[in-house]
Amino acid sequence: MTKFEALGLQKSLLDAVNDMGFESPSEVQEKAIPILLESETDLVALAQTGTGKTAAFGFPLIQKIDTDSRTTQGLILSPTRELCLQITNELKSYSKYEKNLNVVAIYGGASITEQARQIKRGAQIVVATPGRMKDMINRGMVNISKIDYCILDEADEMLNMGFFEDIKDILSNTPDEKSTWLFSATMPREVSIIAKKFMHSPQEITVGHKNSGASTVQHEYYVVGGRDRYPALKRLADTNPDIFSVVFCRTKRDTQRVAEKLIEDGYSAGALHGDLSQNQRDLVMNSFRKNQIQMLVATDVAARGIDVDNITHVINYQLPDEIETYTHRSGRTGRAGKSGISMVIVTRSELRKIKAIENKIKTDFIKKNIPTGMEICEIQLYHLANKIKDTEINEEVESFLPAINDVFQGIDREELIKKIVSVEFTRFYNYYNKAKDLNSSDGGDRDRSRNNRGDAPTSGSVRYFVNVGEKDGYDWMSLKDFIRDTVGLGKEDVYKVDVKESFSFFNTEAENTDTVLKTFTDFKVDGRFVNVEVSKNPGGGGRRGGRDRGRSRDRGKGRNSGGRRKDSYSSSSQNNNSGKRRSKRRNSDFF
Ligand code: ADP
Ligand code: MG
Numbered sequence: 008m009t010k011f012e013a014l015g016l017q018k019s020l021l022d023a024v025n026d027m028g029f030e031s032p033s034e035v036q037e038k039a040i041p042i043l044l045e046s047e048t049d050l051v052a053l054a055q056t057g058t059g060k061t062a063a064f065g066f067p068l069i070q071k072i073d074t075d076s077r078t079t080q081g082l083i084l085s086p087t088r089e090l091c092l093q094i095t096n097e098l099k100s101y102s103k104y105e106k107n108l109n110v111v112a113i114y115g116g117a118s119i120t121e122q123a124r125q126i127k128r129g130a131q132i133v134v135a136t137p138g139r140m141k142d143m144i145n146r147g148m149v150n151i152s153k154i155d156y157c158i159l160d161e162a163d164e165m166l167n168m169g170f171f172e173d174i175k176d177i178l179s180n181t182p183d184e185k186s187t188w189l190f191s192a193t194m195p196r197e198v199s200i201i202a203k204k205f206m207h208s209p210q211e212i213t214v215g216h217k218n219s220g221a222s223t224v225q226h227e228y229y230v231v232g233g234r235d236r237y238p239a240l241k242r243l244a245d246t247n248p249d250i251f252s253v254v255f256c257r258t259k260r261d262t263q264r265v266a267e268k269l270i271e272d273g274y275s276a277g278a279l280h281g282d283l284s285q286n287q288r289d290l291v292m293n294s295f296r297k298n299q300i301q302m303l304v305a306t307d308v309a310a311r312g313i314d315v316d317n318i319t320h321v322i323n324y325q326l327p328d329e330i331e332t333y334t335h336r337s338g339r340t341g342r343a344g345k346s347g348i349s350m351v352i353v354t355r356s357e358l359r360k361i362k363a364i365e366n367k368i369k370t371d372f373i374k375k376n377i378p379t380g381m382e383i384c385e386i387q388l389y390h391l392a393n394k395i396k397d398t399e400i401n402e403e404v405e406s407f408l409p410a411i412n413d414v415f416q417g418i419d420r421e422e423l424i425k426k427i428v429s430v431e432f433t434r435f436y437n438y439y440n441k442a443k444d445l446n447s448s449d450g451g452d453r454d455r456s457r458n459n460r461g462d463a464p465t466s467g468s469v470r471y472f473v474n475v476g477e478k479d480g481y482d483w484m485s486l487k488d489f490i491r492d493t494v495g496l497g498k499e500d501v502y503k504v505d506v507k508e509s510f511s512f513f514n515t516e517a518e519n520t521d522t523v524l525k526t527f528t529d530f531k532v533d534g535r536f537v538n539v540e541v542s543k544n545p546g547g548g549g550r551r552g553g554r555d556r557g558r559s560r561d562r563g564k565g566r567n568s569g570g571r572r573k574d575s576y577s578s579s580s581q582n583n584n585s586g587k588r589r590s591k592r593r594n595s596d597f598f
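Taking this note's numbering, the leading residue of the sequence shown gets 8, the next gets one more, and so forth.
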């Protein structure tokens, strides 16, 4: 018996589970499904995003629907159109072996008459945004007076978005004797009011932090001057050539502005905010899903629907007003068992906010320094070298080679390598060569007292380069563990672990350097040499003091300043990554 069978799911659902490649239920599924299948009960389930809540209510709901009847029996309310469509799509996959089950999505920004027509044809399950739902009830286009199940998905988000009154209205159109299932990441006051008012002694389940996305997210902050936010953002992107990120801004204007600047500077970026048309938003989201955009710049409201796995970084260009919002932002990464990084760009005056967030999320931030220009150059150089090394040879070049060899005649291997990497590298070098240190000269004293793993004093800290990275299956957590265990160091002795695609960096205190280097002399894993060297660059930490080189900052904002050209993203490097990043059934074509 599989673990899904043990939950009491019927054959048709188990077959669908099998097709989807789900191996075992997630924690919230394991807890919720048996309860919902066995009894008619109200339920409050608290679990972070990315924990599989859709299936936790979707499976039992589908199993309980009477498909002989065409009456609407289940209503799912969800905050945004995006989520609405995602849920509908998921439910359709779960119910692919059910005969005569119709799931219909209703949401704003699309033809209401078409949606009404679909409902009329018989929809046992309706997935709706509150606004459109209310509208359709008022116009008599949908009848929810006989539903047996009402699901409030992402309840906290719905209430955050001001749907309290709408939800109350909608619920007052439903029968008393139905079951209500409320799913939420957090339990703010408004959610408990809804629970008290509309639910009858609900059972409660909470999915512990351990299995939630949250524990696999590393939180980092970078202290810069108020005017250096944008150049700092660029450096963070340049330090992570394979970044796949959401950059959060506070206003629509900033969102648009930052995205435009990034695009202008040659990054693959896009804006997502409420002033765009639905069509524009769909286009951006589609490109993001397909990994054609590496940096999605978004407002909190617009990002609510984003449910994309494999986001490597969340960047808080500005901190949100509400701490709760920070939790939602950082929850966009570190999903589906992967690790992620949430970066915050702050000014000195905002440091107390970091402290407040730390208290709230019960996790320490790591104070990091914006990489220096030379550190970025080093990273980009290794990245480039590895890219060349890993490039698949296109046999079509064969016929051109004699001529090409003529061109290179008389240039020896060493010189040729220098020239090849210089083609791209020079752009970064010219841009960063004299770039100033962006780190605000004094990040306050707390960083030293609290976070020795985050920011050791310059003198005692040594930065290393190691020739393994994501490609070898490491993320910052597993690499940290690997190095610590291999060298035999203490829990906090390895820090500032930055994992890139095919190489990484980390720091230890200088006193450990001999041991580290000795351990990794002629060291092999799976027959491959793992090579550790002291990085040429102290980077990733230590450097302080804000030498201002005045005009050199951010010069040449033109086309090539950021280093990357737009066209490079549509070519091989992007495609190579996309395979790895896409989850196998992530659907990009349901718009
Ligand atoms: P939530 O609503 O909690 O944010 P979702 O229901 O959207 O999470 O699920 C997140 C992702 O995990 C989806 O891509 C979903 O298909 C996948 N998923 C859900 N349950 C499982 C499972 N048991 N095994 C593997 N993947 C799962
Ligand atoms: Mg969900």
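Heads up, the beta-carbon is just placed ideally off N, CA and C, and yes, glycines get one too.
query                                                                                                                                                                : result
Take the Cβ of Lys487 as the centre, count every other Cβ of all protein chains shown within 10 Å, and call the residue buried at 16 or more, exposed below.         : buried
Beta-carbon separation of Val351 and Tyr228 under 8 Å?                                                                                                               : yes
Who's in the neighbourhood of ligand 2, going by beta-carbon under 6 Å from any heavy atom, listed in chain order?                                                   : Lys60, Thr61, Asp160 and Glu161
Mind checking who Val253 pairs with in its DSSP beta bridge?                                                                                                         : Leu303 and Val321
What three-state label does DSSP hand Thr332 in the structure shown?                                                                                                 : helix
Considering only heavy atoms of ligand 1, does any lie closer than 7 Å to the CB of Phe251?                                                                          : no
Classify Val85 as buried or exposed, calling it buried when 16 or more other Cβ atoms lie within 10 Å of its own Cβ.                                                 : One point to set straight first is that residue 85 is Ser, not Val, in the sequence displayed. It is buried - the Cβ of Ser85 has at least 16 other Cβ atoms within 10 Å.
Give me the Cβ distance between Gly65 and Glu97, rounded to the nearest whole Å; I'm assuming they're in contact under 8 Å.                                          : 6 Å
When the Cα atoms are used, what is the spatial distance from Glu89 to Ile313?                                                                                       : 7 Å
Looking only at its chain, what residues have a beta carbon closer than 6 Å to the beta carbon of Cys91, apart from the 5 residues adjacent to it on each side?      : Ser85, Ala112, Tyr114, Val134 and Thr136
In three-state terms, what does DSSP make of Ile113?                                                                                                                 : strand
By how many angstroms is the C-alpha of Gly467 removed from the C-alpha of Lys478?                                                                                   : 30 Å
Cα-Cα, which of Ala123, Val469 and Phe513 is closest to Met484?                                                                                                      : Phe513
Buried or exposed: where does Lys367 fall if 16 or more other Cβ atoms within 10 Å of its Cβ makes it buried?                                                        : exposed
With DSSP as the reference, please indicate the residues paired to Ile352 in a beta bridge.                                                                          : Tyr229
With distances taken Cα to Cα, identify the nearest neighbour of Thr5 among Leu68, Ser76 and Thr120.                                                                 : Residue 5 falls outside the range modelled here, since the chain spans only 8 to 598, and no answer is possible.
May I have the straight-line CA-CA distance separating Ile348 from Val224, to the nearest angstrom?                                                                  : 5 Å
Measuring from the CB of Gly341, is there a heavy atom of ligand 1 at a distance below 7 Å?                                                                          : no
Helix or strand or just coil, what does DSSP make of Gln17?                                                                                                          : coil
Given a cut-off of 8 Å on the beta-carbon distance, is the pair Lys141 and Thr79 in contact?                                                                         : no
What residue does the alpha helix (DSSP H) around Asp521 start on, and which one ends it?                                                                            : Thr520 to Thr526
With H, G and I counted as helix, E and B as strand and the rest as coil, what does DSSP make of Val308?                                                             : helix
Using CA coordinates, which residue listed in Ala309, Lys60, Asp444 and Asp505 is at the minimum distance from Leu279?                                               : Ala309
Does DSSP put Ala62 in a helix, in a strand, or in coil?                                                                                                             : helix
Assuming Gly380 and Tyr439 are in contact, meaning their beta carbons sit under 8 Å apart, how far apart are those beta carbons, in whole angstroms?                 : 3 Å
Indicate whether Val539 and Tyr471 have their beta-carbon atoms separated by less than 8 Å.                                                                          : yes
Can Pro41 and Leu20 be called in contact, C-beta distance under 8 Å?                                                                                                 : no
Apply the 10 Å Cβ neighbour rule to Gly552 and answer buried if 16 or more other Cβ atoms are within range, or exposed otherwise.                                    : Low confidence applies to Gly552: its pLDDT is 32, below 50, so where it sits in the model is not reliable, and the reading given next is rough at best. Exposed, by the Cβ-count rule.
Which residues in the same chain have their Cβ closer than 6 Å to the Cβ of Phe29, if we skip the five residues on either side of it in sequence?                    : none
Can you say whether Arg139 is buried or exposed, counting buried as having 16 or more other CB atoms within 10 angstroms of its CB?                                  : buried
Compute the distance between the beta-carbons of Thr187 and Cys157, then report whether it is under 8 Å.                                                             : yes
Let's see if you can read the secondary structure: which residues bound the beta strand (DSSP E) around Thr515?                                                      : Ser511 to Glu516
Spatial neighbours of Leu166 within its chain, please: CB distance less than 8 Å, with the 5 preceding and 5 following residues excluded, ordered by chain position. : Ile174, Pro195, Glu197, Val198 and Ile201
With DSSP collapsed to three states, give me the class of Phe171.                                                                                                    : helix
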